[in-house]
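J.: Would you mind keeping the following structure in view while I ask a few things?
There are 2 protein chains.
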Amino acid sequence: MGAKLRQRAGMEFRFDINARDGRARAGVIATPRGEIRTPAFMPVGTAATVKAMLPGAVRETGADILLGNTYHLMLRPTAERIAALGGLHRFMNWDRPILTDSGGFQVMSLASLRKLTEEGVRFASHIDGSRHMLSPERSMEIQRLLGSDIVMSFDECTPFPAGESEARASMELSMRWAARSRAAFGERPGHALFGIQQGSVYPHLRAESAGRLCEIGFDGYAIGGLAVGEGQDLMFEVLDHAPGQLPEDRPRYLMGVGKPDDIVGAVQRGVDMFDCVLPSRSGRTGQGWTARGPVNLRNARHRDDPRPLEEGCPCPACRDYSRAYLHHVIRSDEIIGSMLLTWHNLTYYQRLMQDLRGTITDGTLDSFAASFHALRAEGDIEPL
Amino acid sequence: MGAKLRQRAGMEFRFDINARDGRARAGVIATPRGEIRTPAFMPVGTAATVKAMLPGAVRETGADILLGNTYHLMLRPTAERIAALGGLHRFMNWDRPILTDSGGFQVMSLASLRKLTEEGVRFASHIDGSRHMLSPERSMEIQRLLGSDIVMSFDECTPFPAGESEARASMELSMRWAARSRAAFGERPGHALFGIQQGSVYPHLRAESAGRLCEIGFDGYAIGGLAVGEGQDLMFEVLDHAPGQLPEDRPRYLMGVGKPDDIVGAVQRGVDMFDCVLPSRSGRTGQGWTARGPVNLRNARHRDDPRPLEEGCPCPACRDYSRAYLHHVIRSDEIIGSMLLTWHNLTYYQRLMQDLRGTITDGTLDSFAASFHALRAEGDIEPL
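Chains A and B supply the protein sequences, listed in that same order. No gaps in the numbering here: position 284 of the first sequence is 284 in the working numbering, and each next residue is one more. One rule links them: number in the working numbering = place in the second sequence (from 1) + 384.
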């Protein structure tokens with residue numbers, strides 16, 4: 001891959017929209033490390049691993065890109081160490097694109113002794129209490145050390161709920177940090193920097209944030225501050241206007257979303273990229289996601305069921321095992337239970353994204369969404 | 385595999401010795417489910433899974449046969465349930481041979497409220513306290529329900545240390561149970577029943593046990609009651625005579641052994657089969673086994689080391705990752721650490737068995753053993 005990568009090193013980050021259906025778009029983000037088909041779901045590889053999966057298996061599910069967490073990696077094993085070892089791609093054995101978040105969200109949810117100032121956030125590690133600082137400049141430095149392909153600007157994820165003045169102050173801080181992120185990022189051909197829209201649930205603040213980001217200029221635009229407890233109805237209300245406030249010709253990334261029905265609704269509203277720990281985290285607790293909705297494999301009704309979790313699914317969990325086996329290994333706390341259900345869930349998510357891309361291309365997204373909701377309303381297959 | 389299996393259903397269990405070097409033998413055990421190259425190491429799949437591995441990966445390491453634990457499986461998910469689901473092979477997606485132990489050892493080490501009588505052992509489950517019974521007849525029934533290819537007779541693993549009269553009484557009980565196991569097993573073409581020699585560290589008791597087993601007649605013979613705290617010196621003393629007391633033309637299986645140097649020494653003394661949780665269990669705690677001995681990947685000296693755990697090893701841990709990465713994921717308690725180190729350790733063990741088979745065939749086992757010990761004496765590669 002080294003030679004191929006060098007050959008393409010001059011290549012720019014590029015986004016091509018190939019089809020539209022309503023507000024939805026299907027396209028391709030081209031990067032020197034490979035193409036990202038959109039709408040795209042990015043599995044989360046927090047600590048340089050998509051939990052319970054080897055990277056080859058993650059790729060087999062159809063993933064074009066992973067997400068890495070700046071906060072976790074800066075603390076352990078540290079960005080400097082990863083850089084000395086050849087960068088995050090080599091370190092974790094994933095040679096396709098990686099998007100890294102800025103650390104801004106997780107420092108506020110995981111770290112202790114936080115002190116937020118105009119400069120950035122000082123905090124203590126949740127692992128060993130050691131003291132650190134994150135700022136736009138430090139976040140850009142860490143993401144450069146990691147070798148991230150898509151870098152996120154450093155922001156404050158406005159808590160929910162937030163009154164309008166609180167939301168404005170937080171958004172304005174994030175916009176000042178966005179400008180500093182842009183300046184610190186500099187020019188890095190083949191690497192992209194995304195800005196993050198804030199503004200909570202206030203359309204005019206969202207519009208103001210989008211305008212400020214466009215002035216600064218980014219390679220892509222994220223919608224931040226959602227999936228933080230506001231619920232799907234309110235999230236969709238925001239998504240009825242937020243994507244349209246962002247540049248038409250750039251990827252739009254809804255951070256931290258979500259459940260399959262969140263994704264379908266957001267794609268219908270013009271979102272191109274997603275990430276969420278849900279498929280991997282819920283897999284580790286015995287929840288399998290299917291076209292008929294979530295299935296709790298811990299439930300005793302699966303104990304004697306020879307049928308696969310999901311008929312027709314090509315993943316190893318469904319191809320090689322019964323619900324009875326999955327029930328047994330989940331109840332026995334066997335690692336293979338986490339492995340198989342994570343594999344299934346990531347497969348289900350990627351198949352959903354493939355369906356979304358295909359039906360946008362065919363102009364049949366709305367009818368796909370209708371049958372998606374109808375099948376989920378039926379619920380899981382009847383017990384034997 | 386179904387058709388192929390049916391086609392071979394009439395096939396007998398067979399053992400062919402193809403080469404000898406000193407007391408060591410290299411051969412093949414033929415079963416309807418495939419060949420087992422000996423000397424063989426059997427990875428342990430206690431609860432219908434080799435922990436942290438998919439069966440396809442276990443096979444890739446070179447394993448011809450797995451071991452399943454009767455005690456664990458009878459309690460959860462139960463032998464009757466596995467039988468209703470098509471047997472253990474289908475349940476756990478492993479279509480090659482499976483050897484099951486009798487449950488005798490683990491009921492004494494794991495269960496509570498044990499009551500041992502001539503009939504068998506009554507006990508309470510370590511999982512939910514439910515009451516159960518194991519006897520020669522019940523153990524044969526469970527192993528038949530599981531569909532085991534190599535069934536172990538029900539015995540009492542004599543505790544160590546044991547005085548001579550205690551060892552004799554225990555051995556004699558095991559021999560009565562061996563006769564009942566043989567009677568209960570009946571005739572099952574293509575399936576094998578192994579007897580288990582006891583007698584602790586007393587050569588005349590071992591000889592008496594071997595004689596009694598041969599009178600009963602088994603398809604293979606295990607050496608039981610070792611690797612229970614007696615240490616390698618004493619174990620090798622027993623192995624200086626025990627294998628020779630067993631029939632020359634049948635497989636000899638040393639139960640629960642062991643470390644790589646235990647295996648080399650036992651092969652030199654005429655043992656053909658082994659099982660041990662060590663490579664998988666120690667992998668989950670961060671220990672990697674190499675030709676230079678065990679390596680503790682938790683140790684900080686690996687933190688910045690870009691080199692593989694073991695140069696030239698074809699496993700994914702060594703092929704795709706640095707010691708620094710393995711250190712990181714083990715320290716971070718990431719599941720991929722267990723996955724990679726288990727994969728490596730099982731690969732190392734199977735490569736060792738391949739080397740043993742190859743050098744026995746070439747008549748160079750002793751010089752192989754000498755270089756095996758010399759390389760281990762050198763220890764792990766120097767820190768960078």
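All C-beta atoms, glycine included, are put in the ideal place defined by N, C-alpha and C.
1. Grab the span of the beta strand (DSSP E) containing residue 195 of chain A for me, first residue to last.
2. What do you get for residue 511 of chain B, buried or exposed, if any count of 16 or more other CB atoms within 10 angstroms of its CB means buried?
3. Quick one: using the 10 Å Cβ neighbour count with 16 as the cut-off for buried, is residue 347 of chain A buried or exposed?
4. Looking at residue 715 of chain B and residue 319 of chain A, is the spacing between their C-beta atoms short of 9 Å?
5. Against chain A, which members of the region 683-706 of chain B pass a CB distance test of less than 8 Å?
6. Using a Cβ-Cβ cut-off of 7 Å (strictly less than) and excluding sequence neighbours within five positions of residue 608 of chain B, which residues of its own chain qualify?
7. Cα separation between residue 61 of chain A and residue 337 of chain A?
8. Nearest by alpha-carbon distance to residue 117 of chain A: which of A/309, A/135, A/106 and A/107 is it?
9. Do residue 647 of chain B and residue 425 of chain B have their C-beta atoms within less than 9 Å of each other?
10. Report yes if the CB atom of residue 88 of chain A is closer than 9 Å to the CB atom of residue 98 of chain A, and no otherwise.
11. Could you tell me which of B/734, B/543, B/686 and B/637 sits nearest to residue 535 of chain B, measuring between CA atoms?
12. Determine the closest residue to residue 108 of chain A out of A/208, A/70 and A/90, with distance taken between C-alpha atoms.
13. Please confirm whether residue 664 of chain B and residue 726 of chain B have their CB atoms less than 9 Å apart.
14. If you measure from the beta carbon of residue 341 of chain A to each beta carbon in chain B, is any gap under 9 Å?
15. If you pair each beta-carbon of the region 41-59 of chain A with each one of the region 208-228 of chain A, do three or more pairs fall below 8 Å?
16. From the DSSP output, in three-state form, read off residue 35 of chain A for me.
17. Assuming residue 225 of chain A is part of the alpha helix (DSSP H), what are its boundary residues?
18. Whole-angstrom Cβ separation of residue 81 of chain A and residue 688 of chain B, contact assumed at under 8 Å?
19. Verify whether the separation of the beta carbon atoms of residue 408 of chain B and residue 749 of chain B is less than 9 Å.
20. What distance in whole Å lies between the Cβ atoms of residue 324 of chain A and residue 306 of chain A, which are believed to be in contact at a cut-off of 8 Å?
21. Count the other CB atoms within 10 Å of the CB of residue 724 of chain B; is the residue buried (16 or more) or exposed (fewer)?
22. Taking 7 Å as the limit between beta carbons, can you name the residues of its chain near residue 557 of chain B, skipping five residues before and five after?
23. Could you please tell me which residues of the region 65-85 of chain A, in chain order, have their CB closer than 8 Å to any CB of chain B?
24. On the three-state DSSP scale, how would you describe residue 401 of chain B?
25. Please report the straight-line C-alpha distance between residue 181 of chain A and residue 140 of chain A, rounded to a whole angstrom.
26. Using a Cβ-Cβ distance cut-off of 9 Å, determine whether residue 713 of chain B contacts chain A.
27. Residue 565 of chain B CB to nearest chain A CB: under 9 Å?
28. Which residues mark the beginning and the end of the alpha helix (DSSP H) in which residue 366 of chain A is found?
29. Note down, in chain order, every chain B residue with its Cβ under 7 Å from the Cβ of residue 49 of chain A.
30. Could you tell me the boundaries of the beta strand (DSSP E) in which residue 511 of chain B lies?
31. When the Cα of residue 302 of chain A is compared with those of A/147, A/79, A/270 and A/380, which residue comes out closest?
32. What number of angstroms, rounded off, separates the C-alpha of residue 113 of chain A from the C-alpha of residue 228 of chain A?
33. Just to confirm the assignment, what range does the beta strand (DSSP E) spanning residue 636 of chain B have?
34. Counting pairs of beta carbons, one from the region 408-423 of chain B and one from the region 733-745 of chain B, are three or more of them closer than 8 Å?
35. DSSP has residue 437 of chain B in a bridge; who is on the other side?
T.: On the basis of the coordinates in this document:
1. As a first step, residue 195 of chain A is located in the first sequence; it is residue number 195 there, counting from the start. From DSSP, the beta strand (DSSP E) with residue 195 of chain A extends over 192-197.
2. The count along the second sequence starts at 1 and reaches residue 511 of chain B at position 127. Of the residues assessed, residue 511 of chain B falls on the exposed side of the cut-off, its CB having fewer than 16 other CB atoms within 10 angstroms.
3. If you number the first sequence from 1, residue 347 of chain A lands on position 347. Classification of residue 347 of chain A: buried, given that the 10 Å Cβ count is 16 or more.
4. Here residue 319 of chain A refers to the residue found at position 319 when the first sequence is read from its first residue. Here residue 715 of chain B refers to the residue found at position 331 when the second sequence is read from its first residue. It is not a contact, given that the beta carbons lie outside the stated cut-off.
5. 687, 688, 690, 700, 704, 705 and 706
6. By one-based count along the second sequence, residue 608 of chain B stands at place 224. Excluding residues within five positions, the ones whose Cβ falls inside 7 Å are 539, 541, 580, 581, 582 and 639.
7. Indexing the first sequence from 1 puts residue 61 of chain A at position 61. Indexing the first sequence from 1 puts residue 337 of chain A at position 337. Cα-Cα distance, rounded: 17 Å.
8. One-based indexing of the first sequence puts residue 117 of chain A at position 117. Ranking A/309, A/135, A/106 and A/107 by Cα distance to residue 117 of chain A puts A/135 first.
9. In the second sequence, the residue the question calls residue 647 of chain B occupies position 263. In the second sequence, the residue the question calls residue 425 of chain B occupies position 41. Yes, they are a contact pair.
10. Here residue 88 of chain A refers to the residue found at position 88 of the first sequence. Here residue 98 of chain A refers to the residue found at position 98 of the first sequence. Taking 9 Å as the Cβ cut-off, residue 88 of chain A and residue 98 of chain A qualify as a contacting pair.
11. Numbered from its first residue, the second sequence carries residue 535 of chain B at position 151. Residue B/637 holds the alpha-carbon nearest to the alpha-carbon of residue 535 of chain B among B/734, B/543, B/686 and B/637.
12. Along the first sequence, read from residue 1 onward, the residue named residue 108 of chain A stands at position 108. It is A/70.
13. Working through the second sequence from its first residue, we reach residue 664 of chain B at position 280. Working through the second sequence from its first residue, we reach residue 726 of chain B at position 342. Contact: yes.
14. Here residue 341 of chain A is taken as the residue at index 341 of the first sequence, counted from 1. Answer no: the Cβ-Cβ gap between residue 341 of chain A and chain B never drops below 9 Å.
15. no
16. Position 35 of the first sequence holds residue 35 of chain A. Three-state DSSP puts residue 35 of chain A in a strand.
17. Residue mapping note: residue 225 of chain A aligns to position 225 of the first sequence, counting from 1. No alpha helix (DSSP H) contains residue 225 of chain A, which DSSP labels as neither H nor E.
18. Residue mapping note: residue 81 of chain A aligns to position 81 of the first sequence, counting from 1. Residue mapping note: residue 688 of chain B aligns to position 304 of the second sequence, counting from 1. Right, their Cβ atoms sit about 6 Å apart.
19. By 1-based counting over the second sequence, the position of residue 408 of chain B is 24. By 1-based counting over the second sequence, the position of residue 749 of chain B is 365. Yes, the Cβ-Cβ distance between residue 408 of chain B and residue 749 of chain B is below 9 Å.
20. Locating residue 306 of chain A in the first sequence gives position 306, where the first residue counts as 1. Locating residue 324 of chain A in the first sequence gives position 324, where the first residue counts as 1. Rounded, the Cβ-Cβ distance is 6 Å, consistent with contact.
21. In the second sequence, residue 724 of chain B corresponds to position 340, counting from 1. Its Cβ being crowded by 16 or more others within 10 Å, residue 724 of chain B is buried.
22. Taking the second sequence and counting its residues from 1, one reaches residue 557 of chain B at position 173. Counting only Cβ-Cβ distances below 7 Å, and skipping sequence neighbours, we find 540.
23. Against chain B - using a Cβ distance shorter than 8 Å - the residues of the region 65-85 of chain A are 76, 77, 81, 84 and 85.
24. One-based indexing of the second sequence puts residue 401 of chain B at position 17. Residue state, collapsed to three classes: strand.
25. Residue 181 of chain A sits at position 181 when you count from the first residue of the first sequence. Residue 140 of chain A sits at position 140 when you count from the first residue of the first sequence. If you take the alpha carbons of residue 181 of chain A and residue 140 of chain A, they lie about 7 Å apart.
26. Position 329 of the second sequence, counted from the start, is the residue given in the question as residue 713 of chain B. Closer than 9 Å to some Cβ of chain A, the Cβ of residue 713 of chain B qualifies, so yes.
27. Taking the second sequence and counting its residues from 1, one reaches residue 565 of chain B at position 181. No, residue 565 of chain B does not count as interfacial toward chain A.
28. For the purposes of this step, residue 366 of chain A is taken as residue 366 along the first sequence, with counting starting at 1. Counting along the chain, the alpha helix (DSSP H) containing residue 366 of chain A begins and ends at 365-378.
29. Here residue 49 of chain A refers to the residue found at position 49 when the first sequence is read from its first residue. Under the 7 Å cutoff, chain B gives 713, 718 and 720.
30. Locating residue 511 of chain B in the second sequence gives position 127, where the first residue counts as 1. Taken as a continuous stretch (DSSP letters only), residue 511 of chain B belongs to no beta strand (DSSP E), as it is neither H nor E.
31. One-based indexing of the first sequence puts residue 302 of chain A at position 302. Of A/147, A/79, A/270 and A/380, the residue nearest in Cα terms is A/380.
32. For this step, residue 113 of chain A is matched to residue 113 along the first sequence. For this step, residue 228 of chain A is matched to residue 228 along the first sequence. Each residue's Cα considered, the two are about 22 Å apart.
33. By 1-based counting over the second sequence, the position of residue 636 of chain B is 252. That run of the beta strand (DSSP E) goes 636-638.
34. yes
35. Residue mapping note: residue 437 of chain B aligns to position 53 of the second sequence, counting from 1. Residue 437 of chain B is not bridged to any residue.
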